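Peer 1:
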Amino acid sequence: MRRTRSSLGALVVITLLIWAFGLTTGVLIGRVARDPRPQAAPLVAQIRQLGELHTARCSFRDMVEHKSFRPVPRWARSIPGAEDLARSVTANEVLVSAEGVVEAGIDLRRIGEEDVTEASTAGGRVLRVRLPRASVYPAEVRLQVERHRPGLFWRDANIVPDAEEEVRRRFTQAALRTGILEAAERNAVQALSRLQFASAATVEFHF
Numbered sequence: 024m025r026r027t028r029s030s031l032g033a034l035v036v037i038t039l040l041i042w043a044f045g046l047t048t049g050v051l052i053g054r055v056a057r058d059p060r061p062q063a064a065p066l067v068a069q070i071r072q073l074g075e076l077h078t079a080r081c082s083f084r085d086m087v088e089h090k091s092f093r094p095v096p097r098w099a100r101s102i103p104g105a106e107d108l109a110r111s112v113t114a115n116e117v118l119v120s121a122e123g124v125v126e127a128g129i130d131l132r133r134i135g136e137e138d139v140t141e142a143s144t145a146g147g148r149v150l151r152v153r154l155p156r157a158s159v160y161p162a163e164v165r166l167q168v169e170r171h172r173p174g175l176f177w178r179d180a181n182i183v184p185d186a187e188e189e190v191r192r193r194f195t196q197a198a199l200r201t202g203i204l205e206a207a208e209r210n211a212v213q214a215l216s217r218l219q220f221a222s223a224a225t226v227e228f229h230f
């Protein structure tokens, strides 16, 4: 009688364990089925397709004078007045009127899955995307030569291209001083926040 009672007790315990395991497994499977977590990969792919996003633009207009001259040969540097003489006979001058634009933006192709984090809020799940910092694109300029004076004994064939490069440098520096990078990042967040992405979660952007 004791052996029969012991076997029956073991059978009841095993049955309860199997039932508990099945219940737990069913709950977990049910949770996975009802809880589709938003994935970062599809969202990243959508954002990358947008490519480079230009979000800030500055326009400029200016008159720029650019000069060049041939340096004194090393052997003549110790001769009094040699440098002044070299300047006077090789000096080239050009005056240009310039206008152009400088743009800034972000390269969304640099975003990876590691830039996406998930958070739970009272309103539901949120995917937070960290954006790459903004950068300035090369300035686009147009020049009009107003005055060109070549040197007496040397004509600088590159003086106009050099003046154009100087204009690009000035316009870029002016754009940075006006805060074009900050404006580009601010506008990028606003522009991306207005887009609709195929995600089960709310998408937020930050730097």
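Residue numbering for the sequence shown follows our numbering, starting at 24 and increasing by one per position. We treat Cβ as the ideally placed atom computed from N, Cα and C, and that holds for glycine. All values derive from a computational prediction rather than experimental measurement.
Can you name, in chain order, every residue of its own chain whose Cβ lies under 8 Å from the Cβ of GLU106, other than the five neighbours on each side?
Peer 2: In the sequence shown, the residue the question calls residue 106 occupies position 83. Leaving aside the five residues that flank GLU106 on each side, the residues in its chain whose CB is nearer than 8 Å to its CB run, in chain order, VAL95, ARG100.
Peer 1: Considering only the beta carbon of each residue, do VAL125 and ALA162 sit closer than 8 Å?
Peer 2: Here residue 125 corresponds to residue number 102 of the sequence shown, with the count starting at 1. Here residue 162 corresponds to residue number 139 of the sequence shown, with the count starting at 1. It is a contact, given that the beta carbons lie within the stated cut-off.
Peer 1: Residues in the same chain with beta-carbon distance under 7 Å from THR38, minus the five sequence neighbours each way, listed in chain order, please.
Peer 2: Translated into positions along the sequence shown, residue 38 becomes position 15. Residue placement at THR38 is poorly supported in this model, since its pLDDT is 38, which falls under 50; the coordinates still yield a value, given next. Cβ within range, chain order: n/a, list empty.
Peer 1: How long is the line joining the alpha carbons of ILE182 and ASP85, rounded to whole angstroms?
Peer 2: Reading the sequence shown from its first residue, position 159 is the one you call residue 182. Reading the sequence shown from its first residue, position 62 is the one you call residue 85. One C-alpha to the other measures close to 17 Å.
Peer 1: Which one of PHE230, PRO173, GLU136, VAL87 has the shortest CA to CA distance from ILE70?
Peer 2: On the sequence shown, residue 70 is found 47 positions in, with the first residue counted as 1. Per the Cα distances, GLU136.
Peer 1: Just confirm the distance between the C-beta atoms of VAL87 and ALA186, as a whole number of angstroms; I'd bet it's less than 8 Å.
Peer 2: Position 64 of the sequence shown, counted from the first residue, corresponds to residue 87. Position 163 of the sequence shown, counted from the first residue, corresponds to residue 186. Confirmed, Cβ separation roughly 6 Å.
Peer 1: Which residues in the same chain have their Cβ closer than 8 Å to the Cβ of GLY74, if we skip the five residues on either side of it in sequence?
Peer 2: For the purposes of this step, residue 74 is taken as residue 51 along the sequence shown, with counting starting at 1. Closer than 8 Å at the Cβ level, and outside the excluded window around GLY74, lie ASP130, LEU131, ARG132.
Peer 1: For VAL50, which three-state DSSP category applies?
Peer 2: Numbered from 1 along the sequence shown, position 27 holds the residue referred to as residue 50. Note that VAL50 scores 38 on pLDDT, short of 50, meaning its location in the model is unreliable; the coordinates nonetheless yield the value given after this. DSSP places VAL50 in helix when its eight states are reduced to three.
Peer 1: Just checking my contact of LEU150 with HIS229 at CB under 8 Å: how many whole Å lie between their CB atoms?
Peer 2: Counting from 1 along the sequence shown, the entry for residue 150 is found at position 127. Counting from 1 along the sequence shown, the entry for residue 229 is found at position 206. No, LEU150 and HIS229 are not in contact; Cβ-Cβ is about 11 Å, not under 8 Å.
Peer 1: Going by DSSP, what residue range makes up the beta strand (DSSP E) through LEU76?
Peer 2: In the sequence shown, the residue the question calls residue 76 occupies position 53. Counting along the chain, the beta strand (DSSP E) containing LEU76 begins and ends at 75 to 91.
Peer 1: Roughly how far, in whole angstroms, is the beta-carbon of PHE194 from the beta-carbon of LEU66, given that I think they are within contact range, below 8 Å?
Peer 2: For this step, residue 194 is matched to residue 171 along the sequence shown. For this step, residue 66 is matched to residue 43 along the sequence shown. Wrong, their Cβ atoms sit about 36 Å apart, outside the cutoff.
Peer 1: Are ALA109 and ILE203 close, meaning C-beta to C-beta below 8 Å?
Peer 2: The residue given as residue 109 occupies position 86 in the sequence shown. The residue given as residue 203 occupies position 180 in the sequence shown. Going by C-beta atoms, ALA109 is not nearer than 8 Å to ILE203.
Peer 1: Can ALA121 and LEU76 be called in contact, C-beta distance under 8 Å?
Peer 2: Here residue 121 refers to the residue found at position 98 of the sequence shown. Here residue 76 refers to the residue found at position 53 of the sequence shown. Taking 8 Å as the Cβ cut-off, ALA121 and LEU76 do not qualify as a contacting pair.
Peer 1: Report the option in GLN62, GLU227, THR201, HIS171 whose CA atom is closest to the CA atom of ALA114.
Peer 2: Sequence index remark: in the sequence shown, residue 114 carries index 91 (1-based). The shortest C-alpha separation from ALA114 is found at HIS171.
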